[in-house]
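Structure first, then comments.
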Amino acid sequence: MSKLYNNNNTIVKGFSNFFKKFTKSKTLLNFVPGMFYSMIQAQSVNYVKIATEYFKELNSSIYLNSIHKRIYRTLHNHHYTFHKLFDDIVNEVLSKYKLSHEDRNIHISFDHSYDKDHFTILMFTVRIGKQGIPIYFEVFLGKKDEESGEAFKMINLKKGILYCHNLIKKYIPDANIIFLADRWFGNLFPLMQYIDSLGDIFVFRCKSNLKVFYQKYPEDHKVWMPIKDLPHLVHASKLYHNLEFTRKKYIFNLAYCKSKNHKEAWLLITNGRPKLAKIYYGYRFGSIEFLFKSQKTNGFYLEESGIKKIHAFDNLYSLVCIASIFLTCLGTEVSKNSACYRKIGITPTRKGTNSTRSHRVISRFKTGLLLFKMASAQNCKRYFRLPINFTLYDA
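In this note's numbering, the protein residues as written are 27 to 421.
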C-alpha cells in the first residue's frame, strides 16, 4: 500500500477532483467539497455544526456566520441539483463494481423513511455484505401536506423499480435481481406482477389477515382463508407453491416461517423458490434498515436539519447519500486490504473466544468513518492512504 500523507486540504482537493468528473460549476467545486468534508467530520446535517467544522478544520479565512449563510444559499439555490450528482456517482460506483460471488444475486431493498412530518423518502438500496448503499431515492412532501400520498402511489413505486432494474442490468447484465420489501407492500399484487414481468425475483412480507384460496384436504373444495390459518410448523418453515391470492387470483409462492426466537411469523410471498425466501428477506434488515439508522441516529442525525423546503432537503439528502456511499467504499477497502490497515490500528473483525472464524464487530460504514477520522486528525502521526476514488468491493 502506497504511503501518502492526507491533510484536511488534500482530502477536500481529492473530493473536488472527483466531483469534477460530473460538474463544471466552479462555484460548486470551490465550496461543496469542503462542505461535504465538514458534514462527514461533524457527523451532522445541522448548518451550524457543518459551518463550525468548516471554519475549524479547513483554516478558513471566512467568518463563521458567512459560512453558515453560504451553506444555506447553496442548498436552497434552484440552479444547483445535487440529486444529479448523486445519480452520476452511483453510476460511476456501479460501473467499477465487480460481482465476485457465484450466485450473481443482487438484493435490492426498498422502503419509506420520514424526516419528522416534513418529508417522506422512497429509498432503494443494494446490499453490500450485511449492509447497503443507496442507489435511488425520491423525496416527497410529508404527512402534513395534502400531497403526502404521492410517495405511496403505484406509479412512483414502479418508477423506482424500473430505474433500479435498468441500472443493475446496465453494468451487471447477468445479475439475478431480487427485490425485498416489508409488510406495507405485502398486498400490492400489481407491483409484484410488475417485478415478475421484468424477469426479477421478489420477496415481500405480508400481513397475516391476507386471504388465499386454499384446499386444506384433498376431499374438500377450495375455500378462502387468512394466511395465518394455513397449516404450518411450530419452529420451522412451511413452503407453499402456486397459491391463489385475492379475488383476481394472483398465483405466487409462500413461505410460512416460524422461529422460537421470534413471536411473529414471517409470511413471505415470492415468485422464486420459497425455500430461499427466508434467507433473502433476512438481508433486508442489514441493507435498508441499517442505512436509515446511519442517516439518522447513528450517523448524520438527519432530523437536525430543520429544512422546510423540498428542493433544499433533496440537495442535502443527496449529499448524505453520497457520504454513505463514500464511507462504505472506504469500509470495503479496509476489508480488502485488512492486513495493511491492521498495522495502523483498524481491526473491524475479531475472532470469537471459542472459534477460529472472524466475525465483524464494526460495520463497513463505521469502519470507513473511523478511517476518515484518522486520516483527517490533526495529531495523527500515522501515514496511510485515504482513497477518494469511490471504488466499491464486493463483500
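Here a beta-carbon is modelled for each residue, glycine too, at the ideal position from N, C-alpha and C.
Since residue i is in the alpha helix (DSSP H), which residue starts that stretch and which ends it?
i	result
Y276	Careful: Y276 lies outside any alpha helix (DSSP H), inside the beta strand (DSSP E) at 276 to 285.
I154	Per DSSP, I154 belongs to no alpha helix (DSSP H); it is in the beta strand (DSSP E), 145 to 154.
N35	34 to 45
F112	108 to 122
E359	336 to 362
Q321	316 to 321
P216	215 to 223
R99	90 to 102
Please look up how many angstroms separate the CB atoms of residue i and residue j, rounded, as I've assumed it's under 8 Å.
i	j	result
P59	V74	Between V74 and P59 the Cβ distance is about 20 Å, and since that is not below 8 Å, they are no contact.
F48	S344	About 12 Å separates the two Cβ atoms, so there is no contact after all.
I66	F398	6 Å
G168	F145	5 Å
L353	G312	Not a contact, Cβ separation roughly 16 Å.
N202	N279	Rounded, the Cβ-Cβ distance is 16 Å, inconsistent with contact.
F239	K275	7 Å
G186	L148	6 Å
I370	V360	Rounded, the Cβ-Cβ distance is 10 Å, inconsistent with contact.
Does DSSP put residue i in a helix, in a strand, or in coil?
i	result
S28	Low confidence applies to S28: its pLDDT is 42, below 50, so where it sits in the model is not reliable, and the reading given next is rough at best. Of the three classes helix, strand and coil, the one that applies to S28 here is coil, per DSSP.
W64	Note on identity: in this sequence residue 64 is Ser, with Trp being the wrong assignment. Looking at S64 - three-state DSSP - the assignment turns out to be helix.
P199	coil
L412	coil
A401	helix
I76	helix
V165	strand
S135	strand
F48	coil
P59	helix
D141	strand
F211	helix
I388	coil
G186	helix
K377	Legend: pLDDT at K377 = 49, less than 50; position of this residue unreliable, no value from coordinates given.
E290	strand
Y419	coil
L158	Just to set this straight, residue 158 is Gly in the shown sequence, not Leu. It is a strand residue.
L206	strand
I372	coil
Please report how far the alpha carbon of residue i lies from the alpha carbon of residue j, in whole angstroms.
i	j	result
M218	I194	19 Å
H138	S331	19 Å
G308	K284	13 Å
L84	I93	12 Å
H247	L265	21 Å
Q69	I204	32 Å
G428	C232	Absent from the structure is residue 428, since the part of the chain shown begins at 27 and ends at 421.
L101	Y162	20 Å
I295	L302	11 Å
W250	L269	11 Å
N56	N43	11 Å
F230	F215	10 Å
L342	P244	59 Å
I154	K124	12 Å
R368	H127	25 Å
A401	D141	31 Å
T78	K334	22 Å
D241	I414	A small fix is needed here, since residue 241 is Gln in this sequence, not Asp. Distance between the alpha carbons of Q241 and I414 is about 59 Å.
Just to confirm, does residue i get its C-beta within under 7 Å of one of the non-hydrogen atoms of the ligand GTP?
i	result
I161	The ligand GTP is absent from the structure shown, which contains no ligands of any kind.
Drop a sphere of 10 angstroms on the beta-carbon of residue i, count the other beta-carbons inside from all chains shown, and report buried for 16 or more, exposed for fewer.
i	result
N71	One detail in the question is off: residue 71 reads as Val in this sequence, not Asn. Per the 10 Å Cβ criterion, buried.
M61	buried
S389	buried
K392	buried
M180	exposed
A262	exposed
A349	buried
D340	buried
I159	buried
R310	buried
H104	exposed
Q157	buried
K377	The predicted model places K377 with a pLDDT of 49, which falls under 50 and marks its position as unreliable, so this point remains unresolved.
Y419	buried
T272	exposed
T151	buried
L259	exposed
H267	exposed
N34	buried
In terms of residue numbering, what span does the beta strand (DSSP E) encompassing residue i cover?
i	result
N268	263 to 271
F178	No beta strand (DSSP E) contains F178, which DSSP labels as neither H nor E.
P300	Segment 300 to 310 is the alpha helix (DSSP H) holding P300; no beta strand (DSSP E) there.
R231	227 to 231
V9	Since the first and last residues shown for the chain are 27 and 421, residue 9 lies out of range.
K237	237 to 240
Is residue i close to chain B? Criterion is C-beta to C-beta, closer than 8 Å.
i	result
I314	Looking at the structure shown, chain B is missing, and only one protein chain is on hand.
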